[in-house]
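Have a look at the structure below, then the notes.
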Amino acid sequence: MNEVFASLSHEMATAIDTASPAVVQLHAHRRPFAGVVFGEDLILAPGHAFDDDQVVVRRADGHTLEGTVLGRGLAAGVAVIRVPSLGVPPLATAPEPRVGHLAIALGRTWSGATMATVTSVAVVGGPLRTGRASRLDRVIRVAQAPHGALTGGALIDGSGRALGIMTGAQIRGTTVVIPAELAWRLGQQVVAQGGTRQGFLGVGSTTVRIPERQRGGRTEQHGLLITSLVEGGPAEAAGLLLGDVITVFDGAPVREPDELVTLLRGDKVGRAVTVTVLRGGVAQEVPVTVGERPRR
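Note that the sequence shown covers residues 17 to 312 in the working numbering.
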């Protein structure tokens with residue numbers, strides 16, 4: 017029995033040693049989070065962790081570098097960060113696990129040290145709705161509650177390959193994990209589509225349901241209520257007002273703030289686009305020239 021335990025312990029420690037270089041620590045304006053290297057000079061990390069486009073990345077060896085947020089995969093709540101000359105090999109992926117498989121959750125403590133816990137796969141399934149208009153087609157849930165040091169880190173198998181990305185979301189005491197195949201694919205899509213420029217309207221907004229009699233003859237049932245305007249920003253300059261409800265941006269319906277962020281990404285900066293708003297129950301089309309998101 018002692019030999020079996022010693023052998024299992026050795027194999028787990030070896031798996032952690034294999035994978036840990038690809039699990040880095042990220043510093044923005046909020047608390048540190050973990051991130052996972054999934055491509056050359058590319059990191060997947062929690063999308064809500066960053067208020068700005070610039071991120072400080074701390075490698076496992078303690079060396080720090082500066083990275084740039086390329087964009088976000090909003091359905092999964094992840095961001096992609098590019099770090100020139102990161103010098104860390106990407107983490108290899110493993111096939112989807114089965115319920116009952118043992119796994120290791122791997123992250124970074126506040127000080128940057130490796131943190132690892134052994135857990136089991138409790139659920140493999142999907143889809144999981146992540147917003148009014150977004151969902152994850154596939155999810156893994158592991159038998160432990162979320163932990164800050166593990167959020168953004170990797171769930172790995174016994175050979176140190178990635179099974180998924182740990183999130184801070186929980187369902188009945190289990191942590192939601194984004195499967196590696198899905199997370200890596202979403203990351204590559206962000207790289208292909210996101211670019212380095214994030215458009216900027218200068219509005220704060222929240223989702224609202226629009227009563228039928230106030231839809232101004234349009235079919236959209238939900239929109240974005242403008243709750244704040246940046247002074248001198250593109251929206252204010254175009255004449256948008258507090259209390260306007262944005263229903264369409266550049267021909268695409270918008271129901272959640274994250275959808276608007278996605279639509280503002282890529283080649284929108286400097287372009288004049290049409291924003292449809294409801295004002296006093298009347299639909300109006302307002303031309304707005306998209307600005308570039310200010311850097312802090």
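All residues carry an ideal CB built from backbone N, CA and C; glycine is no exception.
Model, not experiment: these values are computed from the prediction.
So, with DSSP's three-state summary, where would you put residue i?
i	result
Ala110	coil
His64	helix
Val198	Going by the sequence as given, residue 198 is Leu instead of Val. Helix at Leu198.
Pro269	strand
Thr290	strand
Leu171	strand
Ala208	helix
Gln70	strand
Thr190	strand
Leu257	coil
Gly232	coil
Leu279	helix
Gly203	helix
Within the continuous beta strand (DSSP E) that includes residue i, where are the two ends?
i	result
Ile97	Val94 to Arg98
Ile120	Leu118 to Arg124
Glu82	Thr80 to Gly89
Leu240	His238 to Leu245
Pro303	Val298 to Thr305
His43	Val39 to His43
Thr223	Val219 to Arg225
Ala132	Thr130 to Gly141
Val104	Neither: Val104 is in no beta strand (DSSP E) and is coded neither H nor E.
Val155	Val155 to Val158
Val53	Phe49 to Gly55
Taking the beta carbon of residue i as the centre, do at least 16 other beta carbons fall within 10 Å, making it buried, or is it exposed?
i	result
Phe21	exposed
Trp126	exposed
Gly195	Looking at the sequence shown, residue 195 is not Gly but Pro. Under this definition Pro195 is a buried residue.
Asp33	exposed
Glu9	Here the chain comprises residues numbered 17 to 312, so residue 9 is not present and cannot be evaluated.
Asp274	buried
Val158	buried
Val134	exposed
Ile5	Lying outside 17 to 312, the shown extent of the chain, residue 5 is not represented and no answer is given.
Asp283	exposed
Gly318	Outside the shown range of the chain, which is 17 to 312, sits residue 318, and nothing can be said about it.
Gly63	buried
Leu257	exposed
Gly89	buried
Pro48	buried
Gly233	exposed
What is the C-beta distance between residue i and residue j, in whole angstroms, given that I count them as a contact (C-beta under 8 Å)?
i	j	result
Asp260	Arg295	5 Å
Gly168	Ala50	4 Å
Gln14	Gly297	In the structure as shown, the chain begins at 17 and stops at 312. Residue 14 is therefore absent and cannot be evaluated.
His43	Arg74	7 Å
Gly184	Pro162	5 Å
Thr130	Ser36	5 Å
If you follow the alpha helix (DSSP H) that residue i is in, where does it begin and where does it stop?
i	result
Ala22	Asn18 to Ala35
Ala251	Pro250 to Ala254
Identify which residue in the options has its Cα closest to the Cα of residue i.
i	options	result
Arg177	Ala76, Leu118 and Glu272	Leu118
Ile172	Gly220, Pro111, His163 and Gly128	Pro111
Ser25	Val73, Ala44, Gly174 and Ala92	Gly174
Ala121	Pro227, Ala29 and Val246	Ala29
Pro250	Gly147, Val306 and Gln186	Val306
Pro303	Leu217, Ile226, His238 and Arg225	Leu217
Ala151	Leu202, Thr130 and Ala165	Per the sequence shown, residue 151 should be read as Arg rather than Ala. Out of Leu202, Thr130 and Ala165, Leu202 has the C-alpha closest to the C-alpha of Arg151.
Gln70	Gly83, Ala208, Glu27 and Pro37	Gly83
Leu107	Val72, Gly184 and Ala170	Ala170
Pro105	Gly255, Val115, Val52 and Glu247	Val52
His79	Leu102, Leu240 and Gly87	Leu102
Thr290	Ala268, Val277 and Thr183	Ala268
Ala254	Gln41, Asp77, Val192 and Thr292	Thr292
Val285	Leu144, Leu240, Gln214 and Glu236	Gln214
Gln160	Gly220, Val192 and Glu252	Val192
Leu240	Leu42, Gly233, Ile226 and Glu247	Ile226
Leu58	Val73, Val96 and Ala91	Val96
Ala15	Arg281, Gly147, Ala165 and Leu276	No answer is possible for residue 15: it lies beyond the span of the chain, which begins at 17 and ends at 312.
Val219	Ser244, Leu198, Val264 and Val72	Ser244
Arg145	Ala138, Val155 and Val139	Val155
Glu236	Thr130, Ser36, Gln41 and Thr263	Thr263
Ala132	Asp77, Gly164, Leu86 and Asn18	Gly164
Consider the C-beta atom of residue i and the heavy atoms of the ligand MG; say whether any pair is separated by less than 8 Å.
i	result
His64	You won't find the ligand MG in this model; it holds no ligand whatsoever.
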